[in-house]
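Let me begin by presenting the structure, written as structure tokens, before commenting on it.
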Amino acid sequence: AAALLRQVKAAGVAGSISYAFWEVAFWAASVPVCLVAYHQATGQWPDLSDNEDKAYLGAEAFAFVNLARFVVPVRISLALATTPWVQANVVDRFGIGGGGGGGGG
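Quick note on numbering: the numbering used here labels position 66 of the sequence shown as 47, and the sequence is numbered without any gaps.
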């Protein structure tokens, strides 16, 4: 994963924007998925005023974060794959990055 992150950094602004997009998309999608998984496992929605529910939700979050670390290379690869598109359609179009080092293009 470290070598892939170096590639994202080398891709410049477009690589950073692409990586940020995929991270935000992943984590934004994760919240509803985790809530539905909790509901499926317990038959109820989490009640944050209940200590037992908080403990169960904490255990689920711990498991999910460990799973999320497993797919870091996938998220980085998606970022690298979409960097040329971001370069052409975001960075170049909106003049982001001040005309300097970029990736793709």
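Using N, Cα and C, we set each Cβ at its ideal position, and we do this for glycine too.
Best match in the options for proximity to residue i [C-alpha to C-alpha]
{"i": "F2", "options": "W66, S30, E33 and D28", "result": "W66"}
{"i": "A10", "options": "N70, F45 and S30", "result": "F45"}
{"i": "A69", "options": "A22, G39 and S(-1)", "result": "S(-1)"}
{"i": "Y37", "options": "C15, V72 and V52", "result": "C15"}
Residue environment, residue i, which counts as buried when at least 16 other CB atoms sit within 10 Å
{"i": "G(-4)", "result": "buried"}
{"i": "L61", "result": "buried"}
{"i": "Q25", "result": "exposed"}
{"i": "V(-11)", "result": "buried"}
Whole-Å CB distance - residue i paired with residue j, under 8 angstroms assumed
{"i": "T64", "j": "A(-8)", "result": "5 angstroms"}
{"i": "Y19", "j": "P27", "result": "6 angstroms"}
Euclidean distance between Cα positions of residue i and residue j
{"i": "A(-17)", "j": "N32", "result": "38 angstroms"}
{"i": "F7", "j": "I77", "result": "24 angstroms"}
{"i": "E4", "j": "R56", "result": "7 angstroms"}
{"i": "A49", "j": "F75", "result": "32 angstroms"}
{"i": "V(-6)", "j": "V72", "result": "7 angstroms"}
{"i": "A22", "j": "E41", "result": "10 angstroms"}
{"i": "V52", "j": "S30", "result": "32 angstroms"}
{"i": "S58", "j": "F43", "result": "24 angstroms"}
{"i": "G85", "j": "N47", "result": "With a pLDDT of 48 at G85, under the threshold of 50, the modelled position of this residue cannot be trusted; read the value that follows with caution. Each residue's alpha carbon lies about 32 angstroms from the other."}
{"i": "D34", "j": "R(-13)", "result": "40 angstroms"}
Query raised in the report: Taking only runs of the alpha helix (DSSP H) that begin and end inside the region -10 to 28, which ones reach a length of at least 4 residues, in chain order?
Result: -7 to 23
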